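Taking our numbering, the leading residue of the sequence shown gets 31, the next gets one more, and so forth.
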Amino acid sequence: MSFLNREYRNIFLLLIQNSRKFWINPSAAARYLIFFALIFAVLPVIAENLIANAELIREQLAKNIQSGQDNAAQTNLRQFYAQRDYQPVWTLAGHPATLLDTALVLIEQADEEGLSSSNYHIESLRKLRNETSDQISLLLELDTTRSLLALAHDLRSGRLTASLADPDWHIPQQQFDPVTFLQQALASGKLEQAFADLPPDIPQYRSLKQLLNKFRVLVAADTIWAGVPEETSLIRPHTRHTSIPQVRQRIQEAYHIFEKPEYDIVVSNSEFYDDQLEIAIKAFQRQHGLNADGVIGKNTRRAMNITPGEHVQQLRITLERLRWLPRKLGDRYILVNIAGFNLVAVQDNVRVLDMKIVVGRDYRSTPSFNSKISHLVLNPYWNVPASIARKDLLPKQKHNPDYFASEGIRVFSDYRHESELNPYSIDWHSTSGSLPYILRQDPGRRNALGTIKFMFPNPFSIYLHDTPSKYLFQKDIRTFSSGCIRLEKPLQLAEFVLGKSFEQADIAEKISSGKTKTVHLPEQIPVYLLYLTAWSDEQGEVHFSSDVYGRDKRALAYAH
């Protein structure tokens, strides 16, 4: 075996290196000769054990293939042991048992990462750990390695196949070799640290993980939060309502988990909605992605009635989505949270810009993908997509013959400028099915794209843009677009992406000219469109939003 050949060679080299000492000091030579005689006497016994161990492992791996276990996990297991001459790691005689115990603790801790230790067979491993037969030791050896290889992969790249769990997720998962990782981790002698370095090293992940484990404690204790009756009536500050005592109780329960000072209110049976409760409700609404107006309506009630168990599932799938992401997002990047109706711009790990956004309607939902912003267009034309022209604009023109003219929408027979048609000369009522015209809206105050749009290559025709419909940013659930992202603060975002080449005043001046102008970025900026129903802010406070597209529900169903 190559292992034994190496050991014999090392002993021979040691004898050669010390030959001069032996010549000078005969007594030392005698001691060395006795020592090496013992070594050479013992090595055959060791060799016999090593060969036996290797044969057992090799035979068991072959049996696994014969029994139909020839999958990716089994392939990784074979590669791992082939690279180490089929020698055991965790159950080798003479090896400290603490290495095996460390491995089992790492598997147990999977629950803290939003994974499930049961998926890595922790219970059966613990049971095998307490048995002593050779056959049991062999199973424990292989099953421990198999579980650690799977855990390493899942911590680094995610347990689920992203495109299957969420078909609207189009960000490629990162490739990872768990076999090489585990070999290197064992060689370094720092197994625990190697596994600790696998998950995303970002504040967002750490904050969500910490909160997850608080909720796990509540679930383990069968904690039931106070429910707030689902009603259609609005509860306004400084009024009385029979639900107010339950609302107070629910806010106090939120204080114990989130520790927000605003939530530390006096619980009483009073039905009066007072100032202290109003402050708490507004803070609760902000934390749950709602308009902080202090009015308790259906969305606020719905957020209050989410159970600890539901929060656990929400946090677990969000942590999984974060594991799907590349580990390096860039020094400067834009993160669009579709589910949270929010956009942040990040520079050197600091959020320098935060704004509300409007995303696609449920039937025109905005997908998750990544790209790089290459240029922006000031005073853009809007080339109306055919589906929007047919489904949205044509009915309005049929209802009002002046609609296209009043909205600055021009009609063309094709994409040539000279092919423009008079909208009044067309019998719109006889037009049905596929619209045989091209619609284009001129720049101006009515333009659906506002004064600026941010362009990045993608197969979905999605971009970021301004909007004349500013009132929509006051809504709780902002699903009003046809898939593109409408921005609350487009000029501030333009200043961020252009860097030092432009200031906000320069951009505003060019916009005021009314001329359409394309501005290329000095450096392309990565942009990530994600779907996260839980996220943390700069202070580490976790915020929540509803699962507007049902993607969390679908991914969780796939996971089970």
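No residue lacks a Cβ here, since even glycine has one placed at the ideal position from N, Cα and C. Here the structure is a predicted model, which is why all the values come from computation and not from measurement.
Contact set for residue i: own chain, Cβ-Cβ below 8 Å, skip 5 residues either direction
i: GLN113; result: VAL209 and GLN213
i: PHE434; result: LEU423, GLN427, ARG440, VAL441, PRO453 and LEU469
i: TRP120; result: LEU129, LEU130, ALA133, LEU170, GLU171, THR174 and THR175
Beta-carbon proximity list for residue i, same chain, < 7 Å, skipping 5 on both sides
i: ALA140; result: SER146, SER147, TYR150 and LEU181
i: GLN90; result: LEU168 and LEU172
i: ILE76; result: Below a pLDDT of 50, predicted positions are generally treated as unreliable, and ILE76, at 45, falls in that range; no measurement from the model is reported.
i: ASP472; result: TYR411, GLY438 and ARG440
i: ASN480; result: A small correction: the amino acid at residue 480 is Gly; Asn does not occupy that position in the sequence shown. Excluding residues within five positions, the ones whose Cβ falls inside 7 Å are HIS495, ASP496, THR497, PRO498 and PRO520.
i: GLU350; result: GLY144, GLY188, ARG189 and LEU190
i: ALA267; result: According to the sequence as given, residue 267 is Pro; it is not Ala. These residues qualify, in order along the chain: TYR303, GLU308 and GLY324.
For residue j and residue i, the rounded distance between their alpha carbons
i: ALA192; j: ILE368; result: 17 Å
i: LEU248; j: GLU142; result: 14 Å
i: LEU307; j: GLY324; result: 9 Å
i: ASP184; j: LEU194; result: 15 Å
i: PRO489; j: LYS530; result: 30 Å
i: ALA322; j: VAL414; result: 35 Å
i: GLN427; j: GLN276; result: 51 Å
i: LEU551; j: ILE137; result: 46 Å
i: LEU228; j: ILE347; result: 17 Å
i: GLY327; j: VAL572; result: 22 Å
i: ALA430; j: ILE468; result: In the sequence as displayed, the identity of residue 430 is Asn instead of Ala. Each residue's alpha carbon lies about 19 Å from the other.
i: TYR116; j: LEU242; result: 39 Å
i: THR396; j: CYS514; result: 7 Å
i: ALA538; j: LEU521; result: 8 Å
i: GLY144; j: ILE555; result: 31 Å
i: ILE254; j: THR162; result: 43 Å
i: PHE526; j: LYS500; result: 21 Å
i: ASP378; j: PHE399; result: 22 Å
Nearest-angstrom Cβ-Cβ length linking residue i and residue j, presumed shorter than 8 Å
i: ARG476; j: VAL388; result: So it is not a contact: roughly 17 Å between Cβ atoms.
i: ASP198; j: ARG446; result: Not confirmed; about 36 Å, so no contact.
i: LEU130; j: PHE245; result: Not quite, the Cβ-Cβ distance comes to about 31 Å (not below 8 Å), so this is no contact.
i: LEU155; j: LEU134; result: 6 Å
i: ASP392; j: TYR561; result: About 13 Å; that fails the 8 Å criterion.
i: THR174; j: PHE110; result: Between PHE110 and THR174 the Cβ distance is about 11 Å, and since that is not below 8 Å, they are no contact.
i: ARG357; j: PRO233; result: Actually they are not in contact, since the Cβ atoms of ARG357 and PRO233 sit about 14 Å apart, beyond 8 Å.
i: GLY188; j: TRP458; result: Incorrect: roughly 50 Å between the Cβ atoms, too far for contact.
Unbroken beta strand (DSSP E) run spanning residue i, endpoints
i: HIS341; result: Per DSSP, HIS341 belongs to no beta strand (DSSP E); it is in the alpha helix (DSSP H), 338-354.
i: GLN279; result: Per DSSP, GLN279 belongs to no beta strand (DSSP E); it is in the alpha helix (DSSP H), 274-288.
i: HIS405; result: 399-408
i: ASN372; result: 372-377
i: VAL572; result: 572-574
i: ARG362; result: 362-367
Counterpart residues of residue i in DSSP-defined beta bridges
i: GLU450; result: PHE442
i: LEU494; result: PHE484 and ILE515
i: THR548; result: VAL407
i: LEU194; result: Answer is none; LEU194 lacks a bridge partner.
i: GLY390; result: SER511
i: ILE265; result: ILE326
i: MET385; result: LEU373
i: LEU359; result: BP columns for LEU359 are empty, so no partner.
i: PRO259; result: According to DSSP, which records beta bridges pairwise, PRO259 is partnered with nothing at all.
i: ILE555; result: ILE403
i: LEU469; result: VAL441
i: VAL380; result: GLN377
i: ASN160; result: In DSSP, ASN160 forms no bridge with anything.
Residue i Cβ short of 7 Å to the ligand SAM heavy atom set
i: SER218; result: This structure does not include the ligand SAM; it has no bound ligands of any sort.
Where the alpha helix (DSSP H) containing residue i begins and where it ends
i: SER218; result: 208-218
i: ALA564; result: Premise fails: ALA564 lies in the beta strand (DSSP E), 564-566, not in any alpha helix (DSSP H).
i: LEU465; result: Neither: LEU465 is in no alpha helix (DSSP H) and is coded neither H nor E.
i: LEU248; result: 233-250
i: ASN106; result: 102-112
i: SER542; result: 534-542
i: ALA226; result: 221-226
i: LYS426; result: 424-429
i: PHE314; result: 305-317
i: LYS505; result: Looking at the DSSP string, LYS505 is not in any alpha helix (DSSP H), and its letter there is neither H nor E.
i: THR204; result: It is Gln, not Thr, that sits at residue 204 in the sequence shown. Looking at the DSSP string, GLN204 is not in any alpha helix (DSSP H), and its letter there is neither H nor E.
i: ALA524; result: 520-528
i: TYR433; result: 433-436
i: TYR561; result: Here TYR561 belongs to no alpha helix (DSSP H), and DSSP marks it neither H nor E.
i: SER395; result: From DSSP, SER395 is part of no alpha helix (DSSP H); its letter is neither H nor E.
i: ARG420; result: It is not in any alpha helix (DSSP H) - ARG420 carries neither H nor E in the DSSP assignment.
i: ARG581; result: 581-589
i: ARG186; result: 164-187
Proximal residues to residue i (C-beta, below 6 Å), its chain only, five neighbours per side dropped
i: ALA284; result: TYR293
i: SER575; result: GLY319, ALA369, GLY370 and THR563
i: ARG420; result: LEU465
i: VAL72; result: Residue placement at VAL72 is poorly supported in this model, since its pLDDT is 46, which falls under 50; the coordinates are not used for a value here.
Short CB-CB distance (under 8 Å) between residue i and chain C
i: TYR116; result: Considering every chain present, this structure includes no chain C. It has just one protein chain.
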